[in-house]
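So the sequences go chain by chain: A and B.
With the first letter of the first sequence counted as 1, position 200 gets the number 200 in our numbering; the numbers rise by one all the way through.
With the first letter of the second sequence counted as 1, position 197 gets the number 1197 in our numbering; the numbers rise by one all the way through.
2 protein chains.
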Amino acid sequence: MVDMVKLIDIAENLNLSLTTVSRALNDYSEVSPVTKAAVKKAAKEMGYIPHRMAKHLALKKSHLINLLYDDYSESISYQSFTFEVIAGVRSFFGNTSYDLIIVPENTKNKNRESLKNICYSRGVDGLFVLGIRTDDSYITELKEDFLPTVAIDYPLSGKRISYIESDNIKGCKLAINYLVSKGHKHIAFINGHNFAAISQVRLDGYKIALKENSIPYNPGITISSDYTKEGGYKAANILLKKNHHITAIFAASDLMAVGTIKAINEQGLKVPDDIAVIGFDDVFFAEHSQPGLTTVRQHKFEMGYQGAKLLHRIIEQPDYIPKKKRIDVELIIRDSA
Amino acid sequence: MVDMVKLIDIAENLNLSLTTVSRALNDYSEVSPVTKAAVKKAAKEMGYIPHRMAKHLALKKSHLINLLYDDYSESISYQSFTFEVIAGVRSFFGNTSYDLIIVPENTKNKNRESLKNICYSRGVDGLFVLGIRTDDSYITELKEDFLPTVAIDYPLSGKRISYIESDNIKGCKLAINYLVSKGHKHIAFINGHNFAAISQVRLDGYKIALKENSIPYNPGITISSDYTKEGGYKAANILLKKNHHITAIFAASDLMAVGTIKAINEQGLKVPDDIAVIGFDDVFFAEHSQPGLTTVRQHKFEMGYQGAKLLHRIIEQPDYIPKKKRIDVELIIRDSA
DNA sequence: GGATTATTTCAAAGCGCTTTGGATTTTTTT
DNA sequence: AAAAAAATCCAAAGCGCTTTGAAATAATCC
Chain A
1 MVDMVKLIDI
11 AENLNLSLTT
21 VSRALNDYSE
31 VSPVTKAAVK
41 KAAKEMGYIP
51 HRMAKHLALK
61 KSHLINLLYD
71 DYSESISYQS
81 FTFEVIAGVR
91 SFFGNTSYDL
101 IIVPENTKNK
111 NRESLKNICY
121 SRGVDGLFVL
131 GIRTDDSYIT
141 ELKEDFLPTV
151 AIDYPLSGKR
161 ISYIESDNIK
171 GCKLAINYLV
181 SKGHKHIAFI
191 NGHNFAAISQ
201 VRLDGYKIAL
211 KENSIPYNPG
221 ITISSDYTKE
231 GGYKAANILL
241 KKNHHITAIF
251 AASDLMAVGT
261 IKAINEQGLK
271 VPDDIAVIGF
281 DDVFFAEHSQ
291 PGLTTVRQHK
301 FEMGYQGAKL
311 LHRIIEQPDY
321 IPKKKRIDVE
331 LIIRDSA
Chain B
1001 MVDMVKLIDI
1011 AENLNLSLTT
1021 VSRALNDYSE
1031 VSPVTKAAVK
1041 KAAKEMGYIP
1051 HRMAKHLALK
1061 KSHLINLLYD
1071 DYSESISYQS
1081 FTFEVIAGVR
1091 SFFGNTSYDL
1101 IIVPENTKNK
1111 NRESLKNICY
1121 SRGVDGLFVL
1131 GIRTDDSYIT
1141 ELKEDFLPTV
1151 AIDYPLSGKR
1161 ISYIESDNIK
1171 GCKLAINYLV
1181 SKGHKHIAFI
1191 NGHNFAAISQ
1201 VRLDGYKIAL
1211 KENSIPYNPG
1221 ITISSDYTKE
1231 GGYKAANILL
1241 KKNHHITAIF
1251 AASDLMAVGT
1261 IKAINEQGLK
1271 VPDDIAVIGF
1281 DDVFFAEHSQ
1291 PGLTTVRQHK
1301 FEMGYQGAKL
1311 LHRIIEQPDY
1321 IPKKKRIDVE
1331 LIIRDSA
C-alpha cells in the first residue's frame, strides 16, 4: 500500500495541532470556520484519505455489518432469493456509511468458530442473517441477543434482535383461494423441509386457508420434502400414486413446483388441465418454465431493504424496541393454475 | 459491545508482560514452551478473542478483500452467474484468514467515491472484480495496478493484477461445431452488448469457429443486443424478419437464448426442428426452459475459486508474476439444438 | 569458575485516529 | 479597564495490538 497522507501531515503543513485538524474534518463546533475551511482545503489538495480502521479502533465502532448466509450448493433455488435480498440490503446501506462483511465460514463445517467470536473479533456493529436453518448451531447464540441482529425468515425477538418475513399466511390464502375460485376442492400441499422456519408457517397458512374455504384439512395429501426440484418431484410422485382425487397442488417453493409439474407430465397428465399447480417465491425462472408458473411472489429486494433499515435503526437508536416486519406478497397468475 | 478480555488482562493475570503474551499467542520462538502453554491456557479460560482491527492497524494488513460487483436489477440473468462465482470465492477464502467486504456503492451513481479511495480508506489487501463494464469509470483506476486485483471476464494485466475467463473461444467452437455436425450452415449469432469485454471475445470465437468449418462469416446475421431475455427476443425478431435462410441461432447468453426461442415460437416455428438454438452460460434455469436449452456451460464456481486462489497468491507472494487463467467450458446437450 | 553465548522476558514506541482536560487567546460584561 | 465568559487551540492519553532494542536470567565453553 502506498504511503498515505495522514492527519499529522496536514497538521504540520498548516502549523496546526493534530487535534484541530481532526476536529475540523469532523465539523466540530470548537474550531473556527476559517481554519475549518483551510483544513478541508488542505486535506483535499493533499489527497487525504481517512483511515477507517484507525478511526474505528478509536471510536469502537466499525460500521461493519456481518452478512451471514450460506451458499450450500444443494439448494440452488435459494440463490436467486438470497441474491435479491442481498441486493436490497446493499441498496439500503448504500445510503449509509456501513459496509457489509462476509466471513467465509461454512455451515457444514462442524468445528467452525462461534458466531460470537466471529462478530466480536471483527467488531462488527450488526448482523444480518439470511436463510438460517432451525438446526444450525448458531441459533442458540443468536437467541442470546448479543448483537444487533435482523434475520430473514427466522423468528427472532429481543431487545436488539428482530426479523423480516413475507406475509406467508396471506400468500397461502391467495394461492388456495385462487384454486378454490377455479373450482378445486382437493388441494394437496407439498411443503419444504422442517429445518426452515417458514415451513411451519406455510403449513399453518395452508390449513387456515382451507378452513376459510370450508375444506377439511387432509393430512394424507400434505407432504414434506426438500425445497428442491427433486424434492417436489418425489413428493408429487408419492401424492399421485396415492391418488386422492387431487386436482391441484400447492408447492411451498417454485423449484418444488417445477419438480411437481415434471412428475405430473410423466404420468401423462396435463398442467393445468388435469392438475393445477401453484408455487411460492416467484423466482426468476418461474416466468420461463413451461407452463408459466402461477405463484406467490415474495418481494425479496424489499425484504432485504426493510431488513437493513430495521437493523440500521436498532444499531443507531439503542433505545429502540424492534418489532418484526412483514412484507406483503402477491399472487402472480400465469398458466399453471 | 461487551467488555472483552484483552492481551493486557491475561498479562496481568499471569504476571507476564504484554509482549510475551502477544508473542506466545503468535507462536514466536522467543518464548519458552512452558509459558507459551500457560498463556494459551489462560487465554482460552479467560475467553480471549483477538481484536482483528487492532491487529490490522499494527500490522498494516487487513486480511480483507474488496468484493466489487454490481447488482443492477436489469440484468437478472447475471445474478445466478455472479452468485455462483462468489460462492467459489467464498469457498477458497474459507480456508484462509481473509474476509470479504462489500462496499455498497452503485455503479450508476455518477459521483461515487473513487475506487482507490474506497480501497485505501478500508485498507483492503486485495480487490476481486466481477462483471465490470468496459464503460465503467473504475476501469481507468484498475489499470493503474494500484492494488492486488483479479477480475472475472475483464482483461487486466500488470504486476499485481490479472483475470479469469472462461475459454470463450472453445465454447463458441463447441457450439458451432455441434450445429455444423447437425447439418446447419446458416448459423446466426446474437451477441451481447458491447460494454462487456467478453462480447468481443465471443464474436471472435464465432468467426473462428465458422472459418474452421469453412463457412463464410456473414455480418448480416450477426447482431448485438442486451444480455437479457428481451434483448434476445428483439434480436431474434430482426433476424427472422430478414430471413437469411437461418436454420440455427447461437446466442451469447442463456437469457438471450430464451428470448430467441420465444420469438421463434411466436413466428409459428419450432425449436429445434425449424431453427436450432444454443445458448451460453448454463445458468440454472437452462435445464428447466422449454425445450431444455443446449448451451455452453461455464464453470462459475470454479472461476470464482480459481480467481480467489490467484488473488491470494498475488497478495501473499509479492514477487509472483500473475498470469491470466482460463477455465474450461463444456457443451451441455439438451433439446434446443 | 569466569567469560561467552543463548534463552527468556520486558518497557516503550508505534499503527492513525479521537477525545479529555488544560492552556491560551479573544470577546463580552459591568 | 479589570473580571468573567466564550472561543480556539493543543499536548497527551488511549483504542488493542505488534515490534524494536535492551535487560535479566540460564546454559555453554575453555
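Here a beta-carbon is modelled for each residue, glycine too, at the ideal position from N, C-alpha and C.
Since this is a predicted model, take the numbers as computed values, not measurements.
- Query: Hey, out of Lys1055(B), Ala1151(B), Val1296(B), whose CA is closest to Arg1133(B)'s CA?
  - Reply: On the second sequence, position 133 is the one that residue 1133(B) refers to. Among Lys1055(B), Ala1151(B), Val1296(B), the Cα nearest to that of Arg1133(B) is on Ala1151(B).
- Item | Candidates Leu1174(B), Leu1239(B), Ala1054(B), Asp1328(B): closest to Lys1207(B) by CA position | For the purposes of this step, residue 1207(B) is taken as the residue at position 207 of the second sequence. When only C-alpha atoms are compared, the closest one is Leu1174(B).
- Item | Opposing strand residues paired with Glu330(A) [DSSP bridges] | Counting from 1 along the first sequence, the entry for residue 330(A) is found at position 330. DSSP, once it has assigned bridges, lists Arg297(A) as partnering Glu330(A).
- Query: Could you give the distance in angstroms between the alpha-carbon of Pro155(A) and the alpha-carbon of Tyr163(A)?
  - Reply: Residue numbering aside, residue 155(A) sits at position 155 when the first sequence is read from its first letter. Residue numbering aside, residue 163(A) sits at position 163 when the first sequence is read from its first letter. Those two C-alpha atoms are separated by around 6 Å.
- Task: Would you identify the three-state DSSP class for Leu1142(B), choosing helix, strand or coil?
- Result: Start at 1 with the first residue of the second sequence, and residue 1142(B) comes out as number 142. The DSSP-derived three-state label of Leu1142(B) is helix.
- Task: Could you spell out where the alpha helix (DSSP H) holding Glu1212(B) opens and where it closes?
- Result: The residue given as residue 1212(B) occupies position 212 in the second sequence. According to the DSSP assignment, Glu1212(B) belongs to the alpha helix (DSSP H) that extends over 1197-1212.
- Item | 8 Å CB neighbourhood of His51(A) in its chain, flanking five on each side removed | The residue you call residue 51(A) lines up with position 51 of the first sequence. Met4, Lys6, listed in sequence order.
- Identify every residue that forms a DSSP beta bridge with Ala1151(B). Residue mapping note: residue 1151(B) aligns to position 151 of the second sequence, counting from 1. Answer is Val1129(B), Tyr1163(B).
- Give me the Cβ distance between Gly171(A) and Val296(A), rounded to the nearest whole Å; I'm assuming they're in contact under 8 Å. Numbered from its first residue, the first sequence carries residue 171(A) at position 171. Numbered from its first residue, the first sequence carries residue 296(A) at position 296. Going by Cβ atoms, the distance from Gly171(A) to Val296(A) rounds to 4 Å, so yes, they are a contact pair.
- If you check the beta carbons only, do Gly1220(B) and Lys1242(B) fall under 8 Å apart? Taking the first residue of the second sequence as position 1, residue 1220(B) is located at position 220. Taking the first residue of the second sequence as position 1, residue 1242(B) is located at position 242. Cβ atoms of Gly1220(B) and Lys1242(B): closer than 8 Å.
- Message: Between Ile8(A), His244(A), Gly88(A), Ile332(A), which has its C-alpha nearest Tyr178(A)'s C-alpha?
- Response: Looking up residue 178(A) in the first sequence gives position 178. Nearest of Ile8(A), His244(A), Gly88(A), Ile332(A) to Tyr178(A), Cα basis: Ile332(A).
- Message: Three Cβ pairs or more, each shorter than 8 Å: is that satisfied between the segment 1035-1054 of chain B and the segment 118-138 of chain A?
- Response: Short answer: they touch.
- Task: Between the Cα of Glu1316(B) and those of Val1103(B), Ser1157(B), Tyr1098(B), spot the shortest distance and give me the residue it belongs to.
- Result: Locating residue 1316(B) in the second sequence gives position 316, counting from the first residue. Ranking the options by Cα distance to Glu1316(B), first place goes to Tyr1098(B).
- Cβ neighbours of Asp226(A) in the same chain (closer than 6 Å, five flanking residues each side left out): In the first sequence, counting from the first residue as 1, residue 226(A) sits at position 226. If we look at Asp226(A) and ignore the five residues flanking it on each side, its Cβ neighbours are His193.
- Message: Can you give me the C-alpha to C-alpha distance between Leu1311(B) and Lys1300(B), rounded to a whole angstrom?
- Response: Your numbering for residue 1311(B) matches position 311 in the second sequence. Your numbering for residue 1300(B) matches position 300 in the second sequence. Distance from the CA of Leu1311(B) to the CA of Lys1300(B), rounded to the nearest whole angstrom, comes to 16 Å.
- Query: Near Ile1327(B), what residues of its chain come up, given a Cβ to Cβ distance below 8 Å and the 5 sequence neighbours on each side ignored?
  - Reply: Position 327 of the second sequence holds residue 1327(B). So the list reads Ile1164, Glu1165, Ser1166, Asp1167, Gln1298, His1299, Glu1302, Met1303, Gln1306, once near-sequence residues are dropped.
- Task: State the CB to CB distance for the pair Lys1338(B) and Ile1215(B), rounded to an integer number of angstroms; the pair is presumed to be in contact (CB under 8 Å).
- Result: Residue numbering for chain B in the displayed model covers 1001 to 1337; residue 1338(B) lies beyond these limits and cannot be assessed.
- Task: For Val277(A), write down the residues that DSSP places opposite it in a beta bridge.
- Result: As a working note, residue 277(A) is residue 277 in the first sequence. Assignment of beta-bridge partners to Val277(A) by DSSP yields Ile249(A).
- Message: By the 7 Å beta-carbon criterion, what residues does the segment 1030-1056 of chain B contribute toward chain A?
- Response: Of all residues in the segment 1030-1056 of chain B, only Ile1049, Pro1050, His1051, Arg1052, Met1053, Ala1054, His1056 place a beta-carbon less than 7 Å from a beta-carbon of chain A.
- Item | Rounded C-alpha distance that separates Leu1203(B) from Lys1061(B) | Taking the second sequence and counting its residues from 1, one reaches residue 1203(B) at position 203. Taking the second sequence and counting its residues from 1, one reaches residue 1061(B) at position 61. One C-alpha to the other measures close to 42 Å.
- Segment limits, beta strand (DSSP E) that includes Leu67(A): Here residue 67(A) corresponds to residue number 67 of the first sequence, with the count starting at 1. Start and end: 64-68.
- Sheet register partners of Ala188(A) (DSSP bridge): Along the first sequence, one-based indexing puts residue 188(A) at 188. Per DSSP, Ile249(A).
- Would a C-beta distance cut-off of 8 Å place Val1089(B) and Ala1308(B) closer than the cut-off? Counting from one through the second sequence, the residue named residue 1089(B) turns up at place 89. Counting from one through the second sequence, the residue named residue 1308(B) turns up at place 308. Result yes, Cβ atoms of Val1089(B) and Ala1308(B) sit closer than 8 Å.
- Span separating the alpha-carbon of Tyr1138(B) from that of Ser1080(B): By 1-based counting over the second sequence, the position of residue 1138(B) is 138. By 1-based counting over the second sequence, the position of residue 1080(B) is 80. Taking the straight line joining both Cα atoms gives about 23 Å.
- Presumed contact (8 Å Cβ cut-off) between Val1034(B) and Arg1023(B), rounded CB distance: In the second sequence, counting from the first residue as 1, residue 1034(B) sits at position 34. In the second sequence, counting from the first residue as 1, residue 1023(B) sits at position 23. Wrong, their Cβ atoms sit about 14 Å apart, outside the cutoff.
- For the beta strand (DSSP E) containing Asp983(B), list its first residue and its last residue. Residue 983(B) lies beyond the stretch modelled for chain B, which goes from 1001 to 1337, so this question has no answer here.
- Please confirm if Gln290(A) has its CB atom under 8 Å from at least one CB of chain B. One-based indexing of the first sequence puts residue 290(A) at position 290. Contact with chain B is found for Gln290(A), since one of that chain's Cβ atoms lies less than 8 Å from the residue's Cβ.
- Item | Asn1026(B) to Thr96(A) span [Cα, whole Å] | The sequence position of residue 1026(B) within the second sequence is 26, counting from 1. The sequence position of residue 96(A) within the first sequence is 96, counting from 1. Their backbone Cα atoms lie some 36 Å apart in a straight line.
- Could you round the C-beta distance between Ser114(A) and Glu84(A) to whole angstroms and report it? I think they count as a contact, below 8 Å. Position 114 of the first sequence holds residue 114(A). Position 84 of the first sequence holds residue 84(A). Going by Cβ atoms, the distance from Ser114(A) to Glu84(A) rounds to 29 Å, so no, they are not a contact pair.
- Task: For the alpha helix (DSSP H) containing Asp99(A), list its first residue and its last residue.
- Result: Locating residue 99(A) in the first sequence gives position 99, counting from the first residue. That residue, Asp99(A), is in no alpha helix (DSSP H); its beta strand (DSSP E) goes 99-102.
- Per DSSP, cross-strand counterpart(s) of Thr1222(B): As a working mapping, residue 1222(B) is identified with position 222 in the second sequence. Looking at the DSSP assignment, Thr1222(B) forms a beta bridge with Phe1189(B).
- Message: Based on DSSP bridge pairs, tell me the residues matched to Lys1325(B).
- Response: Here residue 1325(B) is taken as the residue at index 325 of the second sequence, counted from 1. Beta-bridge pairing links Lys1325(B) to Ile1164(B).
- Message: Please list, in chain order, the chain A residues whose beta carbon lies closer than 7 Å to that of Val1103(B).
- Response: Residue numbering aside, residue 1103(B) sits at position 103 when the second sequence is read from its first letter. Neighbours of Val1103(B) on chain A, chain order: Asp99.
- Count the other C-beta atoms from every protein chain shown that fall within 10 angstroms of the C-beta of Ile10(A), then say buried if there are 16 or more, exposed otherwise. As a working note, residue 10(A) is residue 10 in the first sequence. The residue is buried, with at least 16 neighbouring Cβ atoms inside 10 Å.
- Task: Please decide whether Gly1094(B) counts as near chain A, where near means a Cβ-Cβ distance under 8 Å.
- Result: Within the second sequence, numbered from 1, the residue matching residue 1094(B) stands at position 94. Yes, because at least one Cβ of chain A sits closer than 8 Å to the Cβ of Gly1094(B).
- If Asp153(A) and Gly131(A) are in contact, beta carbons under 8 Å, what's the gap, nearest whole angstrom? Position 153 of the first sequence holds residue 153(A). Position 131 of the first sequence holds residue 131(A). So it is a contact: roughly 7 Å between Cβ atoms.
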